[in-house]
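Colleague: As numbered in UniProt numbering, residues 1 to 270 make up the sequence shown, in order. This is the structure I have questions about; it appears just below.
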Amino acid sequence: MPFSCPLCHTPLNRTASSFTCANRHQFDIAKEGYVNLLPVQHKRSRDPGDSAEMMQARRAFLDAGHYLPLRDTLSQLLDEKLALNADTVLDIGCGEGYYTDAFAQVAQRHGAQMTGLDVSKAAVRAAAKRYRSTLFCVASSHRLPYLDNSIDAVIRIYAPCKAQELMRVVKPGGLVITAAPGPRHLLELKGLIYRQAQLHEPDSGEIEGFRVIEHRALSYTMTLTGAEAVALLQMTPFAWRARPEVWEALAATETFTCQTDFTLHCLQRI
């Protein structure tokens, strides 16, 4: 795995129980199988990222299959575009590993290793416990702990990442596959929170240093239970704007119909 030391940026070498660099910085592998490459000085809070409660809500929602079409479409796109002699595939913002596990099966067919990264320790711990074939790490997407020109493909579902970091770690000719909300994504849910629910701005998919080689749109309607609708709201960035009565009304709802709208792009490093 082409990890670089988050402190001195030299290559990390794996032993049975840790990763170490030439400058003797050591990062132990947790019993669950992940490695924490987020130094305390790079944290913006004590426990950055999603909490254990948020992670569990997202896992329950995803395990119910509501975003399975998105996972399948991204996996198909990766399978079609990934080089046959690939070495490493990275899932940025991997969360509890639902998508990463599907990507790992594609990577394996292409002879590549799969790695997942998230800033949330709770999410990475859960991912590592369930999906043992992938090496997960706790790290910031703005400081990717990977060597220059070492990644064949990056998948980024909503996760932020600096264009300079993607340019640095992705091999020339390598891929970045992104998923972003389309204009009408979760419009019914937003309508419960805002007086005027605004459409999402169209996403061009453009990233400096890359060219868009394919665009796909994906949309479908979900029918959710009240508990699933609450879990979905908890996953969204506008959850903090929801009033208590919105949460209560959703929880008491027998069925809630909501549309999805995803914009997918595949880019290649120039």
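C-beta atoms are modelled at their ideal positions from N, C-alpha and C, and glycine is treated no differently. Keep in mind the model is a prediction, meaning the values are calculated, not measured.
For chain C, is any of its Cβ atoms less than 8 Å away from the one on residue 31?
Modeller: In the structure shown, chain C cannot be found, because there is only a single protein chain.
Colleague: Quick one: is residue 31 buried, meaning 16 or more other Cβ sit within 10 Å of its Cβ, or exposed?
Modeller: Within the sequence shown, residue 31 is the residue found at index 31, counting from 1. That one is exposed.
Colleague: Answer yes if the stretch 137-152 comes into contact with the stretch 73-81, meaning at least three C-beta pairs across the two stretches below 8 Å, and no otherwise.
Modeller: no
Colleague: Apart from the five residues on each side of it in sequence, which residues of its chain come closer than 6 Å, Cβ to Cβ, to residue 5?
Modeller: As a position in the sequence shown, residue 5 is number 5, starting the count at 1. Excluding sequence neighbours, residue 5 sits near 12, 21 and 25.
Colleague: In terms of DSSP beta bridges, what is residue 265 paired with?
Modeller: By one-based count along the sequence shown, residue 265 stands at place 265. Bridge partners of residue 265: 178 and 215.
Colleague: Just tell me which of 263, 58 and 23 has its CA closest to the CA of residue 231.
Modeller: Counting from 1 along the sequence shown, the entry for residue 231 is found at position 231. Per the Cα distances, 58.
Colleague: Note down the Cα distance separating residue 210 from residue 65, rounded to an integer number of angstroms.
Modeller: Position 210 of the sequence shown holds residue 210. Position 65 of the sequence shown holds residue 65. Cα to Cα, residue 210 sits roughly 32 Å from residue 65.
Colleague: Could you give the distance in angstroms between the alpha-carbon of residue 269 and the alpha-carbon of residue 156?
Modeller: Translated into positions along the sequence shown, residue 269 becomes position 269. Translated into positions along the sequence shown, residue 156 becomes position 156. Each residue's alpha carbon lies about 15 Å from the other.
Colleague: How would you label residue 120, buried or exposed, when you count the other beta carbons within 10 angstroms and need 16 or more for buried?
Modeller: For the purposes of this step, residue 120 is taken as the residue at position 120 of the sequence shown. Buried: at least 16 other Cβ atoms inside 10 Å.
Colleague: Per the DSSP calculation, residue 94 is bridged to which residue(s)?
Modeller: Working through the sequence shown from its first residue, we reach residue 94 at position 94. Under DSSP, residue 94 forms no beta bridge with any residue.
Colleague: By how many angstroms is the C-alpha of residue 239 removed from the C-alpha of residue 194?
Modeller: Translated into the one-based positions of the sequence shown, residue 194 becomes position 194. Translated into the one-based positions of the sequence shown, residue 239 becomes position 239. Going by the C-alpha atoms only, they are around 11 Å apart.
Colleague: Thinking just about the alpha-carbon of each residue, which of 18, 253 and 153 is nearest to the one in residue 297?
Modeller: Shown here, the chain extends from 1 to 270; a query on residue 297 therefore has no answer.
Colleague: Counting pairs of Cβ atoms below 8 Å between the stretch 209-224 and the stretch 174-187, do you hit three or more?
Modeller: Taking 8 Å as the limit for Cβ pairs, the verdict is that the stretch 174-187 does touch the stretch 209-224.
Colleague: Residue 173 by DSSP, collapsed to three states: which one?
Modeller: As a working note, residue 173 is residue 173 in the sequence shown. Strand, per DSSP.
Colleague: In the DSSP assignment, find the unbroken alpha helix (DSSP H) run with residue 272 in it and report its ends.
Modeller: Within the shown structure, residues of the chain are numbered from 1 to 270, placing residue 272 beyond reach of any answer.
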